[in-house]
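Residue numbers (mature numbering (1 follows the signal peptide of the UniProt record, and there is no 0)): -21 to -1, 1 to 188.
Input: a single structure, listed below in structure tokens.
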């Protein structure tokens, strides 16, 4: 008799849980928009957060494989010549990043425009001393210490804000240290195939340094 009563209670509670979920679908959306510790540690396979994690993991594995000699010397030897953007290398870099399938066409086009802008800058304002304008940091991490930033962000936390069904922003924050903390903001969009891809990266304005 006691076993039958317990079985009845379990069936009843299961039915209530199903009914509640059906009556309040907004609860499911809210839990996605406001990640908990559980969703941060085990994100959905095709989610904005997982796309960001994949981006960090991919770059960590390919950090030393991507071309970096974006600048060449023209109009003289290495000592007397002037800096110029090596367009072939920038295109090779864009092609390599595209192969990751983690960034959008918008992401690639924005960086292509960036390289062209600084190619024009170096042509109009010749430079042969110091770091070339626009090329003194890592483009995928927006940092002069990309390897450190990668490690910090991979060990950090991720917060997702869903702007609409096809656009999202993910804030990645590394562990807090004494006076500094790594952070990065990722803007993502869903591709035509339904895959989340990164449109842009930026540094949070209110990041504690």
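For each residue, glycine too, the CB sits at the ideal point set by N, CA and C.
Below 9 Å between beta carbons: does that hold for residue 71 and residue 46? Position 92 of the chain shown, counted from the first residue, corresponds to residue 71. Position 67 of the chain shown, counted from the first residue, corresponds to residue 46. Yes, Cβ-Cβ distance for residue 71 and residue 46 is below 9 Å.
Which of helix, strand or coil does DSSP assign to residue 137? Numbered from its first residue, the chain shown carries residue 137 at position 158. Residue 137: strand per DSSP, three-state reduction.
Going by alpha carbons, who is nearest to residue 40 out of 67, 79, 146? Translated into positions along the chain shown, residue 40 becomes position 61. Looking at the Cα atoms, 79 is the closest of the given residues.
Buried or exposed by the 16-neighbour rule on C-beta atoms within 10 Å, applied to residue 159: One-based indexing of the chain shown puts residue 159 at position 180. By the 10 Å Cβ count, residue 159 comes out exposed.
Suppose contacts are defined by Cβ-Cβ distances below 9 Å. Is residue 83 in contact with residue 182 by that definition? Numbered from its first residue, the chain shown carries residue 83 at position 104. Numbered from its first residue, the chain shown carries residue 182 at position 203. No; because the gap between Cβ atoms is not below 9 Å, this pair is not in contact.
Buried or exposed: which applies to residue 171, given that a residue is buried once 16 or more other Cβ atoms fall within 10 Å of its Cβ? Mapped onto the chain shown, residue 171 falls at position 192. Under this definition residue 171 is an exposed residue.
Rank 59, 149, 67, 68 by C-alpha distance to the C-alpha of residue 30 and give the top, closest one. The sequence position of residue 30 within the chain shown is 51, counting from 1. It is 149.
Strand pairing of residue 165, partner residues [DSSP]: By 1-based counting over the chain shown, the position of residue 165 is 186. According to DSSP, which records beta bridges pairwise, residue 165 is partnered with 149, 180.
Identify the residues that DSSP records as bridge partners of residue 53: which are they? In the chain shown, the residue the question calls residue 53 occupies position 74. Its beta-bridge partners are 61.
Below 6 Å CB to CB, which residues in the same chain sit around residue 5 once its five sequence neighbours on both sides are set aside? Numbered from 1 along the chain shown, position 26 holds the residue referred to as residue 5. Caution applies to residue 5, whose pLDDT of 23 falls short of 50 and renders its modelled position unreliable; the value that the coordinates give is listed next. No residues qualify anywhere along the chain.
Measuring alpha carbon to alpha carbon, tell me which residue in 167, 102, 157 is nearest residue 142. By 1-based counting over the chain shown, the position of residue 142 is 163. Residue 167 is the option with its Cα nearest to residue 142.
I believe residue 26 touches residue 175 by the beta-carbon criterion, under 8 Å. Please report the beta-carbon distance rounded to the nearest angstrom. Residue mapping note: residue 26 aligns to position 47 of the chain shown, counting from 1. Residue mapping note: residue 175 aligns to position 196 of the chain shown, counting from 1. About 7 Å separates the two Cβ atoms, so the contact holds.
DSSP state of residue 119, grouped into three classes? The sequence position of residue 119 within the chain shown is 140, counting from 1. Note: residue 119 maps to coil in three-state DSSP.
In chain order, what residues of the same chain lie with their CB nearer than 6 Å to the CB of residue 10, ignoring the 5 residues before and after it? Here the question's residue 10 lines up with position 31 in the chain shown. Legend: pLDDT at residue 10 = 28, less than 50; position of this residue unreliable, value from coordinates given subsequently. Answer for residue 10: no residue qualifies.
Closest to residue 116 by C-alpha separation, out of 145, 48, 157, 36, would be which residue? Locating residue 116 in the chain shown gives position 137, counting from the first residue. Ranked by how close their Cα comes to the Cα of residue 116, the residues 145, 48, 157, 36 have 48 in first place.
Give me the Cα-Cα distance between residue 15 and residue 139, rounded to the nearest whole angstrom. Along the chain shown, read from residue 1 onward, the residue named residue 15 stands at position 36. Along the chain shown, read from residue 1 onward, the residue named residue 139 stands at position 160. Low confidence applies to residue 15: its pLDDT is 35, below 50, so where it sits in the model is not reliable, and the reading given next is rough at best. About 10 Å.
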